[in-house]
Amino acid sequence: MKIFKTKVELKSYLNSQDEGRVISFIPTMGALHNGHLSLISQAKQNSDLVVCSIFVNPTQFNNSEDLEKYPRTLDEDLRALRYIKCDVVYLPAISDLYNENEQVKQFQYNGLDEFMEGKGRRGHFDGVATVVEKLFRIINPNIAYFGQKDIQQLQIIKHITKQLNLDIEIIGVPTIREESGLAMSSRNKRLSESDLEKATLIYKTLVFIKENKYKYSVEKLKDFCVEKFERHADLDLEYLEIVSLKNLQPIKKYNEKGDNVACIAATINSVRLIDNIIF
Ligand code: AMP
């Protein structure tokens, strides 16, 4: 496995590859778990060279405590990447990607950022899009893999890739979960056993929505689920939205199968978790 710390070395290595090799790219912030590894496994099946980046991108955090406490487990991450035979790892320092005092770029998202993460975490998607564009331009992959766990991010990346006219196929990969149903997340590392158990309410609620969509209207189902959270004082619900997968706008009536997504963000012991279900 090749490890590069600078874009200059990484680019020169990628440029030395034979033309026609299919390059896949998986951007991550590290503290890798089986969710990340499933993106890499899928990339390995569909390409000749798999590049993974580990970079905790400061511009996408709007909460300095969240950035500071973000788990960093580089040695374990590299062990896991070697084990699954990732070909190339890019570990940039902040200065390799950003100039001093550089501001994030402003993107147009066609309303995809209006609700959920875009509403609760102002500037978050400009930070994500800024770093993903930089990484795309350095690596110039044929395919990039993103998790459906961050469904709004996935849709936004598909949108800006088109907008920037980049010839990169964006593939969304289903969410990998713990046995309890809890979506795997680097932030789960900050939770105690008892918090992990309590956090399962998030996925249970999403499944409940999927299974009860014909029994209740969208509004009733939302109200009912919000009440469920109110009965669990440890879990602070930030939002519960049912939106169209295509435009991420809240729906009043269910769309056709596969175009409805229920999305939740909730905080437990200062750890913010998100999850969603497509139905
Ligand atoms: P992160 O390191 O959190 O920025 O995530 C890097 C990539 O892994 C993103 O595309 C995430 O959507 C994806 N990812 C994170 N958690 C999961 C999961 N549980 N299942 C599948 N993909 C995931």
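Quick note on the working numbering: the sequence shown kicks off at 788 and runs consecutively. Quick reminder that beta carbons are idealized off the backbone N, C-alpha and C, glycines included.
Cutoff 8 Å; reference asparagine 821; Cβ partners in own chain excluding five residues on either side: Listed in chain order, the non-local C-beta contacts of asparagine 821 below 8 Å within the same chain comprise Ile963, Met971, local neighbours out to five positions each way being set aside.
Closer than 6 Å: threonine 846 CB and nearest ligand 1 heavy atom: Taken from the Cβ of threonine 846, every heavy atom of ligand 1 lies 6 Å or farther away.
7 Å Cβ shell around threonine 815 - same chain, five flanking residues per side excluded: If we look at threonine 815 and ignore the five residues flanking it on each side, its Cβ neighbours are His823, Cys839, Ser840, Ile841.
Own chain partners of tyrosine 857 with C-beta closer than 6 Å, once the 5 adjacent residues on each side are dropped: Closer than 6 Å at the Cβ level, and outside the excluded window around tyrosine 857, lie Val843.
Contacts around proline 961, its chain only, beta-carbon distance under 6 Å, and the 5 residues preceding and following it disregarded: Non-local C-beta neighbours of proline 961 in its own chain, meaning closer than 6 Å and more than five positions away in sequence, comprise Gln935, ordered along the chain.
Exposed unless 16 or more other CB atoms sit within 10 angstroms - verdict on isoleucine 957: The residue in question, isoleucine 957, is buried, as its Cβ has 16 or more Cβ neighbours within 10 Å.
Residue(s) in a DSSP beta bridge with cysteine 1050: DSSP lists Glu1028, Asn1063 as partners of cysteine 1050.
Alpha-carbon to alpha-carbon, aspartate 874 and alanine 830: A direct Cα-Cα distance of roughly 11 Å separates alanine 830 from aspartate 874.
Glycine 817 classed as buried or exposed, judged by whether at least 16 other C-beta atoms fall within 10 angstroms: Glycine 817 is classed as buried because its beta carbon has at least 16 other beta carbons within 10 Å across all chains shown.
Reference leucine 1032; option with closest CA among Leu884, Val1048, Ile1038: It is Val1048 whose Cα lies nearest to the Cα of leucine 1032.
Distance CB(alanine 867)-CB(phenylalanine 894) smaller than 7 Å: Going by C-beta atoms, alanine 867 is not nearer than 7 Å to phenylalanine 894.
Lysine 997 - DSSP class collapsed to helix/strand/coil: If DSSP states are grouped into helix, strand and coil, lysine 997 belongs with the helices.
Glutamate 956 - partner residues in DSSP beta bridges: Ile930, per the DSSP bridge assignment.
Counterpart residues of isoleucine 790 in DSSP-defined beta bridges: For isoleucine 790, which the question treats as bridged, DSSP gives the partners Val876.
Distance cut-off 6 Å: lysine 1067 Cβ against heavy atoms of ligand 1: Absent from the model: residue 1067. The displayed extent of the chain is 788 to 1066, so no value can be given.
Cβ-based neighbour list, lysine 1000, same chain, cut-off 8 Å, excluding 5 preceding and 5 following: Here lysine 1000 has Leu1008, Tyr1041, Asn1047, Phe1066 as same chain residues with Cβ atoms under 8 Å from its own Cβ, once five neighbours each way along the sequence are excluded.
Three-state secondary structure (DSSP) of leucine 1035: Coil.
Contact under 7 Å by Cβ, isoleucine 813 with tyrosine 896: No, the Cβ-Cβ distance between isoleucine 813 and tyrosine 896 is not below 7 Å.
Within 7 Å, strictly: CB atoms of isoleucine 1064 and leucine 993: Yes, these two residues count as a Cβ contact at 7 Å.
Alpha-carbon spacing of glutamate 855 relative to asparagine 849, whole angstroms: One C-alpha to the other measures close to 11 Å.
Extent of the continuous beta strand (DSSP E) run through threonine 815: Taken as a continuous stretch (DSSP letters only), the beta strand (DSSP E) holding threonine 815 covers 810-815.
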